[in-house]
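This note's numbering applies: residue 470 is where the sequence shown begins, and numbers increase by one.
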Amino acid sequence: MSFFDRDPGKYKGPAESLVPRMSPFELCDGPNLRHPDDPLAAPFSGVFQLVIELTDGAWTSGSCFHIGGGRFVTAGHCLFFHDLQLMATQVGIVNATGDGTVTDVFQVPQEFVDNDYAESHDFGCIDVTDGAWPLPDFAFDLWSATNAELEDKENVHLCGFPAPYPGDVMVTTGSVRKGHVLLGAQRLRYTMDTLKGMSGGPCFTNVDGARLAVGIHVNGDCPNGAVRITADIRAWLNG
470 MSFFDRDPGK YKGPAESLVP RMSPFELCDG PNLRHPDDPL AAPFSGVFQL
520 VIELTDGAWT SGSCFHIGGG RFVTAGHCLF FHDLQLMATQ VGIVNATGDG
570 TVTDVFQVPQ EFVDNDYAES HDFGCIDVTD GAWPLPDFAF DLWSATNAEL
620 EDKENVHLCG FPAPYPGDVM VTTGSVRKGH VLLGAQRLRY TMDTLKGMSG
670 GPCFTNVDGA RLAVGIHVNG DCPNGAVRIT ADIRAWLNG
């Protein structure tokens with residue numbers, strides 16, 4: 470059996486279900502989740518489903534996005550599980566066609582391991598060895614935007630893979646200017662709809678044609694939320 474032929478009897482639900490404060494399905498303002506016209510075109514080609522293996526072959530799912538050089542960003546709770554006090558054993562990174570690779574090289578901040586309420590540290594990174602898999606052509610840049618820079622944005626998008634639908638990438642859009650996205654020092658809160666399994670997906674906007682990630686989706690509890698990419702988080706993820 471390959472890594473991707475998971476035993477359905479050992480499916481534990483998406484990673485968010487292991488965090489009690491998170492709700493299963495948050496329709497805040499919609500429904501406004503939609504399928505992109507072409508899930509293999511940028512920027513959606515840079516977003517992936519995570520198949521996360523836990524102990525004893527149990528598994529769950531989440532989302533991640535590519536930032537270049539074989540490094541992928543996700544939510545910390547997709548990699549470290551406080552209820553088990555364990556890291557995942559390995560993860561599969563799967564694109565919208567079902568093609569993917571497996572790695573056991575990933576990390577989360579020590580602050581997140583030490584404190585399950587350290588929401589501002591709920592992020593992590595995954596590395597894929599060069600040559601192990603055809604890396605995506607597209608990569609998101611990380612933007613530690615100021616409030617003024619974000620307040621000028623008409624559209625902020627959230628993209629991820631709702632579980633347990635392999636290949637079913639979805640996107641939702643809101644506006645900072647219209648109040649759909651609220652800005653905090655360490656968090657972004659938004660009324661865009663989310664589903665379980667989208668944790669770890671990028672919250673991004675467009676600047677002069679470039680797609681820039683400004684947050685990492687981690688919270689499905691209306692208003693839904695993301696860890697805001699600050700200068701320190703950007704340096705950690707790029708490190």
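Heads up, the beta-carbon is just placed ideally off N, CA and C, and yes, glycines get one too.
*asked:* For the alpha helix (DSSP H) containing Gln579, name the first residue and the last one.
replied: For the purposes of this step, residue 579 is identified with residue 110 of the sequence shown, where counting begins at 1. Gln579 -> alpha helix (DSSP H) spans 579-583.
*Who does Cys533 pair with in a DSSP beta bridge?*
Here residue 533 corresponds to residue number 64 of the sequence shown, with the count starting at 1. According to DSSP, Cys533 bridges with Phe517.
*Give the DSSP bridge partners of Cys594, in chain order.*
Counted from its first residue, the sequence shown places residue 594 at position 125. DSSP lists Val542, Gln576 as partners of Cys594.
_Among Phe575, Thr566, Ala700, nearest to Gly515 - alpha-carbon criterion_ = In the sequence shown, residue 515 corresponds to position 46, counting from 1. For the set Phe575, Thr566, Ala700, the Cα lying nearest the Cα of Gly515 is the one of Thr566.
*Opposite Glu522 in the DSSP bridges: which residues?*
Within the sequence shown, the letter at position 53 stands for residue 522. Paired residue(s): Trp528, Gln559.
*Integer-rounded CB distance, given that His546 should sit under 8 Å from Val687*: Position 218 of the sequence shown, counting from 1, holds the residue named residue 687. Position 77 of the sequence shown, counting from 1, holds the residue named residue 546. Rounded, the Cβ-Cβ distance is 7 Å, consistent with contact.
*asked:* Considering only the alpha carbon of each residue, which of His504, Thr674, Thr570 lies closest to Asp618?
replied: Against the sequence shown, residue 618 aligns to sequence position 149. The question names Asp, but residue 618 is Glu in the sequence shown. For the residues His504, Thr674, Thr570, the minimum Cα distance to Glu618 belongs to Thr674.
*Assuming Phe607 contacts His535 under a Cβ cut-off of 8 Å, what Cβ separation, rounded to an integer in Å, is found between them?*
Position 138 of the sequence shown, counted from the start, is the residue given in the question as residue 607. Position 66 of the sequence shown, counted from the start, is the residue given in the question as residue 535. Separation of the CB atoms of Phe607 and His535 is rounded to 7 Å, and the pair is thereby assigned contact status at 8 Å.
*For Leu693, the three-state DSSP class (helix, strand or coil)*: Translated into positions along the sequence shown, residue 693 becomes position 224. Here residue 693 turns out to be Asn, not Leu, going by the sequence shown. Of the three classes helix, strand and coil, the one that applies to Asn693 here is strand, per DSSP.
*Identify, in the order they occur along the chain, each residue of the same chain with its Cβ nearer than 6 Å to the Cβ of Thr699, setting aside the five sequence neighbours on each side.*
Stepping through the sequence shown from its first residue, residue 699 is reached at position 230. The beta carbon of Thr699 sits closer than 6 Å to the beta carbons of Ser613 from its chain, once the five residues preceding and following it are set aside; these are given in chain order.
*asked:* Rounded to whole angstroms, what is the Cα-Cα separation between Glu495 and Tyr659?
replied: On the sequence shown, position 26 is the one that residue 495 refers to. On the sequence shown, position 190 is the one that residue 659 refers to. Any answer about Glu495 is weak, because its pLDDT of 45 lies below 50 and its placement is not dependable; what the coordinates show is given next. One C-alpha to the other measures close to 11 Å.
*For Lys665, is the classification buried or exposed, using 16 other Cβ atoms within 10 angstroms of its Cβ as the cut-off for buried?*
Translated into the one-based positions of the sequence shown, residue 665 becomes position 196. By the Cβ neighbour-count rule, Lys665 is buried, with 16 or more other Cβ atoms within 10 Å of its own.
*asked:* Starting from Ile685, trace the beta strand (DSSP E) in both directions and tell me its first and last residue.
replied: Taking the sequence shown and counting its residues from 1, the one referred to as residue 685 is at position 216. Looking at the DSSP string, the run of the beta strand (DSSP E) that includes Ile685 is 679-688.
*Compute the distance between the beta-carbons of Gly593 and Val520, then report whether it is under 9 Å.*
Here residue 593 is taken as the residue at index 124 of the sequence shown, counted from 1. Here residue 520 is taken as the residue at index 51 of the sequence shown, counted from 1. Taking a C-beta distance under 9 Å as the contact criterion, Gly593 and Val520 do not qualify as a contact pair.
_C-alpha gap between Gln655 and Asn693, whole angstroms_ = Indexing the sequence shown from 1 puts residue 655 at position 186. Indexing the sequence shown from 1 puts residue 693 at position 224. Whole-angstrom Cα-Cα distance: 14 Å.
*Ala544: buried (16+ other C-beta within 10 angstroms of its C-beta) or exposed?*
As a first step, residue 544 is located in the sequence shown; it is residue number 75 there, counting from the start. With 16 or more Cβ atoms within 10 Å of its Cβ, Ala544 is classed as buried.
*Residues sharing a beta bridge with Asp610, DSSP*: For the purposes of this step, residue 610 is identified with residue 141 of the sequence shown, where counting begins at 1. Answer is Leu681.
*Return the bridge partner residues of Phe630 from the DSSP annotation.*
The residue labelled residue 630 in the question sits at position 161 within the sequence shown. DSSP lists no partner for Phe630.
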